[in-house]
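Some notes on the structure that comes next.
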Amino acid sequence: MTQKWIETIVGFFILLAILGLLMLAFQVSDLTTYQGNHSYAVTAQFDNIGDLKVRAPITVAGVKVGQVTGINLDPKTYRATVTLRFNETADYIPLDSAASIVTAGLLGSNYISLTPGFDEQFLKNGDKITETHSALMLEQMIGQLLFSVNKDKKEGSDDKTS
Amino acid sequence: MIGLTRQLGRMGIAVCTELGAAGFFLFQSVWRKPRPGKGLHLLAQTLFNSGVLSLPIIIVSGLFIGMVVGLQGFNILDKFSVTSELGQMVALSVVRELGPVVTALLFAGRAGSALTAEIGLMKATEQLSAMEMMGVDPLGRIMLPRLLGGFISMPLLTIIFCAVAIWGGDLIGVKWLGVDAGAFWSNMQASVNFHLDVVNGLLKSAVFGVVITWMAVYQGASCQPTAEGISHATTRTVVYSSLMVLGLDFVLTAMMMGGW
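Protein sequence lines, in the order shown, are assigned to chains A and B.
The first sequence begins at 1 in the numbering used here and counts up one residue at a time.
The second sequence begins at 1001 in the numbering used here and counts up one residue at a time.
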């Protein structure tokens, strides 16, 4: 086998590996979504984030516009500070939008759903979303439901006796 | 009692001597003045031998491992009716763990043993001594290109393995078992992080490549120059480098998960 032939085949080998890396980068790990320089980050404080994880999607009307890049505890207010990073194409989110943590399906993972406000100004880097709704905890909801059912029953029986 | 202790001490000294000799060998082969453009044909030859010739086994086993993970994962996830997460499961297990480790084990068996046998035979037939007599440094002429070829081709092979394995998972999950293609790929993209998963996996494979090639070349260069010695050295290369890969994999994973 001549040297030229060997070098050509090695070149193809390296090319194949580069193609594989490109596939891993763009097709598998979706490197493009938030790497843009023009993407911007805002923060929002929640009372309780439930099961929210870093890299959870942010959606407006179900369409993904960004992802959560950081979750920290505020040492003063004891609330959770969540960093939201938006795609550079989604630069039209009104300033007074409301963020709420919702669950995908009954047992799915949590994500952030934004309800657009009516402000003329748009969110930009470093802004803060003030209106937030905490995660709904299934256990708490069941507890409240049982409590209110019991209360109804009691009131009902009270009505009968009186 | 004293005799036993002495035996232990002798063993310890032997291990340390061996490690030191191996380290010195690596240092002497790699740490030299770079001569840009020179010796590239030697590097191409070793890249061909340990990289390109390992491609068939890497591609075939990658495809089958991806398909098996897809099949097993589908059966488990189907119990919880979350088969849409199949892509995430295949991609994460392949990119983080199976890709680097299985490629390293195959590489040790396919390329490492060949390196040891080749260099061992060169030593047994006194080709290395002949080179020294002619004033050619065998470390630079024989060892360095083989070491570099192994260092380079191992991460490349891992990339190809991962890509093929994920394609195999897609083949089984989407094409055969009917998982929704959009859910398969978008769940995968949502959960695989390029830096945390892909780059860390490649970092692992680079470390494995260094360890395996170093082990193979050193065993070949230090073997007994007999037929039996070469066979022992080849066996040692495969056994030791497989054990090193599995042990190092645990250590590296623990470090990466713990955030150093």
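Glycine residues also receive a C-beta, built at the ideal position from the N, C-alpha and C atoms.
Since this is a predicted model, take the numbers as computed values, not measurements.
Return the residue from the list the options that minimises the CA-CA distance to residue i.
{"i": "A1091 of chain B", "options": "B:F1080, B:N1075, B:V1069", "result": "B:V1069"}
{"i": "H1195 of chain B", "options": "B:V1095, B:R1006, B:G1066", "result": "B:V1095"}
{"i": "P1155 of chain B", "options": "B:S1205, B:S1191, B:D1170", "result": "B:S1205"}
{"i": "W1185 of chain B", "options": "B:P1056, B:F1064, B:L1086", "result": "B:L1086"}
{"i": "E88 of chain A", "options": "A:N125, A:D119, A:S113, A:G117", "result": "A:N125"}
{"i": "L1115 of chain B", "options": "B:W1214, B:R1006, B:V1192", "result": "B:W1214"}
{"i": "F1048 of chain B", "options": "A:E155, A:G20, A:V10", "result": "A:V10"}
Can you name, in chain order, every residue of its own chain whose Cβ lies under 7 Å from the Cβ of residue i, other than the five neighbours on each side?
{"i": "L1004 of chain B", "result": "none"}
{"i": "D47 of chain A", "result": "R79, S134"}
{"i": "R55 of chain A", "result": "Q67, V68"}
{"i": "L1121 of chain B", "result": "I1230"}
How long is the line joining the alpha carbons of residue i and residue j, rounded to whole angstroms?
{"i": "S162 of chain A", "j": "K153 of chain A", "result": "Residue placement at S162 of chain A is flagged as unreliable, the pLDDT there being 49, under the threshold of 50; a coordinate-derived value is accordingly withheld."}
{"i": "I1230 of chain B", "j": "V1164 of chain B", "result": "35 Å"}
{"i": "A90 of chain A", "j": "V65 of chain A", "result": "6 Å"}
{"i": "A1216 of chain B", "j": "L1157 of chain B", "result": "18 Å"}
{"i": "L1063 of chain B", "j": "T1017 of chain B", "result": "42 Å"}
{"i": "Q1127 of chain B", "j": "S1084 of chain B", "result": "59 Å"}
{"i": "F1107 of chain B", "j": "M1244 of chain B", "result": "13 Å"}
{"i": "G1349 of chain B", "j": "Q1028 of chain B", "result": "Examination of residue 1349 of chain B is not possible in this model, given that chain B is present from 1001 through 1260 alone."}
{"i": "T83 of chain A", "j": "Q140 of chain A", "result": "26 Å"}
{"i": "L1040 of chain B", "j": "V1211 of chain B", "result": "23 Å"}
{"i": "K131 of chain A", "j": "K76 of chain A", "result": "Checking the sequence shown, residue 131 of chain A turns out to be Glu, not Lys. Roughly 19 Å separates the two Cα atoms."}
{"i": "R1110 of chain B", "j": "F86 of chain A", "result": "47 Å"}
{"i": "I1142 of chain B", "j": "I1160 of chain B", "result": "27 Å"}
{"i": "G1220 of chain B", "j": "S1093 of chain B", "result": "34 Å"}
Within a Cβ cutoff of 8 Å, which residues of the same chain sit near residue i, ignoring the five residues on either side of it in sequence?
{"i": "M137 of chain A", "result": "N48, G50"}
{"i": "M1089 of chain B", "result": "V1069, G1073, L1077"}
{"i": "N110 of chain A", "result": "I49, G50, D51, L52, K53, A56, I101, V102, T103, A104, A135"}
{"i": "H1232 of chain B", "result": "C1223, Q1224"}
Using 6 Å as the cut-off, classify the Cβ of residue i as near or not near the heavy atoms of the ligand MN, replying yes or no.
{"i": "V65 of chain A", "result": "In terms of ligand content, the structure shown is empty, and the ligand MN therefore cannot be addressed."}
Alpha helix (DSSP H) containing residue i: first to last residue?
{"i": "V1218 of chain B", "result": "In the sequence on display, residue 1218 of chain B carries Tyr and not Val. Its alpha helix (DSSP H) spans residues 1200-1221."}
{"i": "R1010 of chain B", "result": "1002-1030"}
{"i": "V10 of chain A", "result": "3-22"}
Using C-beta distances below 6 Å, list every residue in its chain close to residue i, excluding the 5 sequence neighbours before and after it, in chain order.
{"i": "I1172 of chain B", "result": "M1067, G1070, L1071"}
{"i": "V1174 of chain B", "result": "A1181, F1184"}
{"i": "G117 of chain A", "result": "P94, D96, S97"}
Grab the span of the beta strand (DSSP E) containing residue i for me, first residue to last.
{"i": "E131 of chain A", "result": "131-133"}
{"i": "G66 of chain A", "result": "63-73"}
{"i": "R85 of chain A", "result": "80-86"}
{"i": "N110 of chain A", "result": "110-115"}
{"i": "Q1088 of chain B", "result": "That residue, Q1088 of chain B, is in no beta strand (DSSP E); its alpha helix (DSSP H) goes 1086-1092."}
Would a check of beta-carbon distances place residue i closer than 7 Å to chain E?
{"i": "F1194 of chain B", "result": "Chain labels in this structure do not include chain E; the protein chains are A and B."}
Chain B contacts made by the region 35-64 of chain A, where a contact means CB separation under 8 Å: R55, P57
Identify each residue in the region 1175-1189 of chain B for which the Cβ-Cβ distance to at least one residue of chain A is less than 8 Å, and report them in chain order. W1185, M1188, Q1189
Going along the chain, which residues of the region 1-21 of chain A sit with their C-beta nearer than 7 Å to a C-beta in chain B? Q3, I6, E7, I9, V10, F13, I14, L16, A17, G20, L21
Under 7 Å (Cβ pairs) to chain B, residues found in the region 66-96 of chain A: none
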